[in-house]
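The next block holds one structure in the form of structure tokens; read it before the comments.
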Amino acid sequence: MRPYIFNKSNLSAYLKQLDTVFEVWIPVTENGITTFNLFNKQNDIDLGKIPRTSVKSFFLPQHELLMEYSASPDSIQLDECLPSKKRIIFGVKPCEGRAVKLNSQLLVPETKYQKQDLYFKANQQNTILIAYGCNQPGVGCFCRSTGGDPFGKTGLDAIVTDLGDRLLLETTGTEISNQLIPKNDLNEEATESDLTAAEQIKKNACKVLDERSEIKVSKENIHTVFDLEIWKETAMRCLNCGICTYLCPTCSCFDMMDYFEDGKGSQSRCWDSCMFSLFTQHSLGHNPRPSKKERVRQRFLHKLRYYPEHHNGEISCVGCGRCVLHCPVNIDIREIADRLSLNGGERG
Amino acid sequence: MANPYQKYPVRINSVYNETEDKRLKTFGLSFVNSEDSDYFFSQSFQPGQYALVWIPGYGEIPLGIASAPTEHNKLVFTVNKTGKVTSKLHTLTEGMLIGLRGPLGNGYPWEKLKGKNIFLIGGGCAFSTLRSSIKYLLSPENRQDYNDIWIVHGARTPGMLLYKDNFKEWRKRDDVKVHITVDSTSLATGEYHVGNVPFVLKQELPTVDENSVAIVCGPPMMIKYSIDPLKEKGFLPENVLFSLENKMKCGIGHCGRCSIGKTCICTEGPVFSMAEVNEMPDDY
Amino acid sequence: MWQKSCDVWFVTTLLAADNMKEITQAIREKAKLLLEENKVKGVLGFTPGTLPMARRPILATTLEQAERLCWDEFCLMNLANFIPPRGQERIAVVAKGCDWRNLIVHDLEGRIDLENEIEVLGISCKGMLDTEKINQSANGAERVVGVICNGDEVQIKLVDGKELILEKDRLIRQACRECRQPTPDSSIILNNSINDSDKQKSIVSEHAFDSSDFLKNIDLLQSTFKECLMCFACRDACPLCYCDSCFVDTEKSHWLSHSSTLEGLLDFHFLRAHHIAGRCTSCGTCESACPMNIPVRELVKKLNHDVEETTGYIPGITKDMKPPKSIFKPSYHEHKNR
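Residue numbers (my numbering), protein chains in the order written: chain A, 1 to 348; chain B, 1001 to 1284; chain C, 2001 to 2338.
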């Protein structure tokens, strides 16, 4: 199927078409922070920027209801609160589609012996992602180093390429992507020259990113990796705040809690972070990761070593650069990955 | 596919104060719905597994299952009062309803252990999965599959010993050797040793070959100091089994907190051999 | 190789740091001297990072590391936050006015021994820049390739090769504009002191929280805090949030759930504000650390103002008085009427 093309000025007309069938979310800048907001006439779409919070919030919301229940001495009635709202997120970064796939490998595994997270699964089935390709990768971006692509289609339903005055819309062939085809006078197929122009844009973007080297998974003995000097250095300045984990599109650790009042209650979950001491603190006081050093090490080794060992060598980082850009003390995963993949180049 | 966060309602049938400091209570539970019970036991429940016990409004905690699959339709848990949920659980009485998810994790490798001598060594609340194991091993349908069985149980004082009625029963049998020890006591009756568990291991255990397996459950200090005596007696690293504990929330390998290195305790464990533990990075 | 590309960034950022060459040079020389003479175990300062505006806190313990210390308008973190509690080997710390004020509070509260264990390398500070403002002008943090400060101008190089020139004065952090003591009272000051005699009075900019019934204004609270992620970066960057066991991190007496409902968010921000009221030096590190651009400091500012009016205590500036909250008596409220 050929991609579609329409004028940039017709973007909101296209979004309106989608809005008649689905709930549409778009990136909007407010107080200088870009986040995804519901599409309406008032807000202006702000494409191209890396939204501050990732699309993770739509798949694993910061706060998510799991169960609602009524409980009394005689009975317990539980209702699962599976999400069912169909929605489109327009203008995500292509790397975020990959992040959804990586999280899905962990939370919705296909093997028979592992349990599936039905909430994430439902969100995945109900959420349609239309990406806006990255013509100009930012200073923190390194998707090509992690196995991604500034115009990659993994995890996406469609992708838009910005040709300057016009937008090229390419569906990815997922079941629902047929419904994303522009209708009426917006339905115009791209010409050969449009496709050539798009190809050139993609090539230019990749060229920038390819100067940034590939991240390799370290094969070094884990006990050696554990004693590297880099953990001590990094922990010295690490604040142990949750910025990196909360902005990260692939960090998926969560906490679970109960709330109960007057016979009715709910069980929900919310994001948690391996940076917090409470994350692993036993109720008897022992903490397997007692200091910043162990917690920092856990975060990076989980992404760059443990996850790949379980998932065919794929690292759990898509190179969106959020943690790099927003860490108050400049802890840079690229630098750490580099020192790890130097395979024994740095030892304590 | 079933929602892994779904819980079965279970009713508290009995509450028993195990120890003199009243911090360990044993709860007997039964399923409210027979189909839940059938499902639970059809999941090839094995001694060594755990379940998540849920109190509405308070949350869930992982607890080693203290009853054996051979005690059909009966569930027993021994609970140490430590945190928010366990403190609440300690206030609950007979007849009350709570929730349960499980069985979770892997039990001890019973198929592989067939024909071996089995040494069950434990102290404190962690003895619960050993109670399950002993009940399982000593049941008529399983006893002939296993060779010698030894039990070593330790506590700080006589009043802190667990499962006193069960031990009375087990001591009467001639197909199992029972050693009970207390760290200190004011009246030595000869009923038990005086000294800690590692000391008793050194003194009482025979020298063994590769056909003997030790299952060690207890407080970290007990485990730490039991390793050397066990090695001296000839236990191979792959024949010493531990049940590891870490903070858990989801129980299905998703929430991320219980892992040690690449190993997820809640799904790949909690049972690991000493050989496997030695391979793990020092993050526990 | 990443190392290579990282080095490229390091070089860019070093260039950016160039405009305060003299201070940078003075820090390096002093640091090397102190290390060579074995007077300190290390020198706590800043070093360039992997992004144009990123400066990392570092405890330089070798001459090589001391050679990488730097100083410019992006040394945003408060170094008092990185000082280990008392009883350690002597270290030196590069301190601007706000770092100094926090050292004073730490010393008064007994956390550190300022006289015997810390060598302060003071810097008279003209104010740090608000990187968030620069990012917004550049249309995204990811688009800033280089930043060079030339006198009153800030030149920003963008990823598409374009350049922006901004007026430096407009980019200064709000907290720095309101700074009451930009120059430490330490015996060593590494640069020419700027005149700050007229800074001693309280300059409090207007904010909606100043109104006494702002608590009833749910819309205001909602719009201010709704983007908060509960990442606790404000707490973790704050030099005065040094409790071993923070109320956020106690599970048994669950003060706070980590859920991000508005109630949860307000619980956190109000509890924290009360914990540092009358102690906060208004250094603004919390706001610099916040990934969501929330004016965290404003809430505390109001409480601080009340404490100052009641007791006359100015955190970090008053030295001859114990912090009011550690010696609070009910009779304090009479002070105001005297």
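Virtual Cβ for every residue (Gly too), placed ideally from N, Cα, C. Bear in mind that the values here come from a model prediction, so they are computed numbers and not experimental data.
Q: With 9 Å as the C-beta to C-beta threshold (strictly closer), list the residues of the region 1247-1262 of chain B near chain A in chain order.
A: Lys-1247, Lys-1249, Cys-1250, Gly-1251, Ile-1252, Gly-1253, His-1254, Cys-1255, Gly-1256, Arg-1257, Cys-1258, Ser-1259, Ile-1260, Gly-1261 and Lys-1262
(Q) If the criterion is Cβ atoms closer than 9 Å, does the pair Val-108 of chain A and Gly-155 of chain A meet it? (A) As a working mapping, residue 108 of chain A is identified with position 108 in the first sequence. As a working mapping, residue 155 of chain A is identified with position 155 in the first sequence. No.
Q) Alpha carbon to alpha carbon, how far is Asn-287 of chain A from Arg-297 of chain A? A) Counting from 1 along the first sequence, the entry for residue 287 of chain A is found at position 287. Counting from 1 along the first sequence, the entry for residue 297 of chain A is found at position 297. So the alpha carbons of these two residues sit roughly 15 Å apart.
Q) Apart from the five residues on each side of it in sequence, which residues of its chain come closer than 7 Å, Cβ to Cβ, to Ile-2188 of chain C? A) Looking up residue 2188 of chain C in the third sequence gives position 188. Val-2120, Leu-2121 and Gly-2122.
Q) Any idea what DSSP makes of Pro-94 of chain A, helix, strand or coil? A) Taking the first residue of the first sequence as position 1, residue 94 of chain A is located at position 94. Helix at Pro-94 of chain A.
Q) Across which residues does DSSP place Ile-1061 of chain B in a beta bridge pair? A) Counting from 1 along the second sequence, the entry for residue 1061 of chain B is found at position 61. B:Val-1053.
Q. With 16 as the cutoff for other CB atoms within 10 Å, does Thr-2012 of chain C come out buried or exposed?
A. The residue you call residue 2012 of chain C lines up with position 12 of the third sequence. Residue placement at Thr-2012 of chain C is poorly supported in this model, since its pLDDT is 48, which falls under 50; the coordinates still yield a value, given next. Flag for Thr-2012 of chain C reads buried.
Q) What residues in its chain sit with their C-beta under 8 Å from that of Tyr-2313 of chain C, if we drop five residues either side in the sequence? A) The count along the third sequence starts at 1 and reaches residue 2313 of chain C at position 313. The residues are Gly-2278, Val-2307, Met-2321, Pro-2323 and Pro-2324.
Q: Go ahead and label Gln-116 of chain A buried or exposed: buried means 16 or more other beta carbons lie within 10 angstroms of its beta carbon, across all protein chains shown.
A: Against the first sequence, residue 116 of chain A aligns to sequence position 116. By the neighbour-count rule (16 or more Cβ atoms within 10 Å), Gln-116 of chain A is buried.
Q. For a contact meaning CB atoms closer than 8 Å, what does Ile-2058 of chain C contact in chain A?
A. On the third sequence, residue 2058 of chain C is found 58 positions in, with the first residue counted as 1. Near Ile-2058 of chain C (Cβ distances below 8 Å), the residues of chain A are Met-236 and Arg-237.
Q: List the residues of chain C whose Cβ lies closer than 8 Å to the Cβ of His-326 of chain A, in chain order.
A: If you number the first sequence from 1, residue 326 of chain A lands on position 326. Simply Ala-2141 and Pro-2291.
Q) Between C:Thr-2250, C:Glu-2227, C:Arg-2272 and C:Thr-2224, which lies nearest to Arg-2235 of chain C when the distance is taken from Cα to Cα? A) Taking the third sequence and counting its residues from 1, the one referred to as residue 2235 of chain C is at position 235. Among C:Thr-2250, C:Glu-2227, C:Arg-2272 and C:Thr-2224, the Cα nearest to that of Arg-2235 of chain C belongs to C:Arg-2272.
**Q.** Beta-carbon proximity list for Arg-144 of chain A, same chain, < 6 Å, skipping 5 on both sides
**A.** Counted from its first residue, the first sequence places residue 144 of chain A at position 144. For Arg-144 of chain A, where only same-chain residues beyond five positions count, the Cβ hits under 6 Å are Leu-209 and Asp-210.
Q: Could you check what DSSP says for Pro-2420 of chain C in three-state terms: helix, strand or coil?
A: Residue 2420 of chain C cannot be examined here, being either before or after the span of chain C that is shown, 2001 to 2338.
Q) Would Ile-1223 of chain B count as contacting chain A if we go by Cβ distances under 9 Å? A) Within the second sequence, the letter at position 223 stands for residue 1223 of chain B. For Ile-1223 of chain B, the answer is no, since every Cβ of chain A falls outside 9 Å of its Cβ.
Q. Is the beta carbon of Gly-1195 of chain B less than 9 Å from the beta carbon of Gly-1122 of chain B?
A. Translated into positions along the second sequence, residue 1195 of chain B becomes position 195. Translated into positions along the second sequence, residue 1122 of chain B becomes position 122. No.
Q. At a cut of 8 Å, does the region 324-334 of chain A reach the region 225-242 of chain A through at least three beta carbon pairs?
A. yes
Q) Is there at least one Cβ from chain B nearer than 9 Å to Arg-144 of chain A's Cβ? A) In the first sequence, residue 144 of chain A corresponds to position 144, counting from 1. It does not: the Cβ of Arg-144 of chain A has no partner Cβ on chain B nearer than 9 Å.
Q) What three-state label does DSSP hand Lys-1262 of chain B in the structure shown? A) Along the second sequence, one-based indexing puts residue 1262 of chain B at 262. Coil, per DSSP.
Q: From the DSSP output, in three-state form, read off Pro-1103 of chain B for me.
A: As a position in the second sequence, residue 1103 of chain B is number 103, starting the count at 1. It is a strand residue.
Q: Anything in chain A within Cβ reach of Asn-1003 of chain B, meaning under 7 Å, just list it in chain order.
A: Sequence index remark: in the second sequence, residue 1003 of chain B carries index 3 (1-based). Result: Glu-80 and Leu-118.
Q.
Going by DSSP, what residue range makes up the beta strand (DSSP E) through Ala-197 of chain A?
A. Counted from its first residue, the first sequence places residue 197 of chain A at position 197. That residue, Ala-197 of chain A, is in no beta strand (DSSP E); its alpha helix (DSSP H) goes 192-210.
Q) So with Cβ pairs under 9 Å, would you call Ser-2253 of chain C a contact of chain A? A) In the third sequence, counting from the first residue as 1, residue 2253 of chain C sits at position 253. Per-residue confidence for Ser-2253 of chain C stands at a pLDDT of 48, beneath the threshold of 50, marking its modelled position as unreliable; no derived number is given.
Q.
Is there a Cβ of chain A sitting closer than 9 Å to that of Met-1096 of chain B, yes or no?
A. In the second sequence, residue 1096 of chain B corresponds to position 96, counting from 1. Taking Cβ atoms only, chain A reaches closer than 9 Å to Met-1096 of chain B, which makes this a yes.
Q: Starting from the beta carbon of Asp-1282 of chain B, find every residue of chain A whose beta carbon is closer than 8 Å, and list them in chain order.
A: Start at 1 with the first residue of the second sequence, and residue 1282 of chain B comes out as number 282. Those within 8 Å of Asp-1282 of chain B in chain A are His-223 and Phe-226.
Q) Ends of the alpha helix (DSSP H) at Gly-2264 of chain C? A) Your numbering for residue 2264 of chain C matches position 264 in the third sequence. Element bounds for Gly-2264 of chain C: 2262-2276.
Q) Counting contacts by CB-CB distance shorter than 9 Å, is Met-2230 of chain C in contact with chain A? A) Numbered from its first residue, the third sequence carries residue 2230 of chain C at position 230. Taking Cβ atoms only, chain A reaches closer than 9 Å to Met-2230 of chain C, which makes this a yes.
(Q) Does the CB of Arg-2235 of chain C have a neighbour CB from chain A at under 9 Å? (A) The residue given as residue 2235 of chain C occupies position 235 in the third sequence. Chain A contact via Cβ: present.
Q.
Closest to Glu-2064 of chain C by C-alpha separation, out of C:Thr-2183, C:Ala-2031 and C:Val-2040, would be which residue?
A. Here residue 2064 of chain C refers to the residue found at position 64 of the third sequence. For the residues C:Thr-2183, C:Ala-2031 and C:Val-2040, the minimum Cα distance to Glu-2064 of chain C belongs to C:Ala-2031.
Q. Alpha carbon to alpha carbon, what distance is there between Gly-265 of chain A and Met-67 of chain A?
A. Taking the first residue of the first sequence as 1, we reach residue 67 of chain A at position 67. Taking the first residue of the first sequence as 1, we reach residue 265 of chain A at position 265. Taking the straight line from one Cα to the other gives about 8 Å.
Q. Is it true that the CB of Arg-1101 of chain B sits closer than 9 Å to the CB of Glu-1141 of chain B?
A. Your numbering for residue 1141 of chain B matches position 141 in the second sequence. Your numbering for residue 1101 of chain B matches position 101 in the second sequence. Contact: no.
Q. Going straight from the alpha carbon of Tyr-1016 of chain B to that of Pro-1237 of chain B, what length do you get?
A. Numbered from 1 along the second sequence, position 16 holds the residue referred to as residue 1016 of chain B. Numbered from 1 along the second sequence, position 237 holds the residue referred to as residue 1237 of chain B. Cα to Cα, Tyr-1016 of chain B sits roughly 37 Å from Pro-1237 of chain B.
Q | chain A residues whose Cβ lies nearer than 8 Å to that of Ser-2288 of chain C | A | Within the third sequence, residue 2288 of chain C is the residue found at index 288, counting from 1. Correct list: Pro-328.
Q.
Can you find the residues in the same chain that come closer than 6 Å, C-beta to C-beta, to Asn-1106 of chain B, ignoring five residues on each side of it along the sequence?
A. For the purposes of this step, residue 1106 of chain B is taken as the residue at position 106 of the second sequence. For Asn-1106 of chain B, where only same-chain residues beyond five positions count, the Cβ hits under 6 Å are Val-1271.
Q) Would you report the Cα separation of Ile-2218 of chain C and Gly-2264 of chain C, rounded to the nearest angstrom? A) Residue mapping note: residue 2218 of chain C aligns to position 218 of the third sequence, counting from 1. Residue mapping note: residue 2264 of chain C aligns to position 264 of the third sequence, counting from 1. Ile-2218 of chain C and Gly-2264 of chain C: Cα-Cα distance of roughly 14 Å.
Q: Taking Ile-230 of chain A as the reference, give the member of A:Asp-338, A:Leu-278 and A:Ile-130 with the closest Cα.
A: Reading the first sequence from its first residue, position 230 is the one you call residue 230 of chain A. The shortest C-alpha separation from Ile-230 of chain A is found at A:Asp-338.
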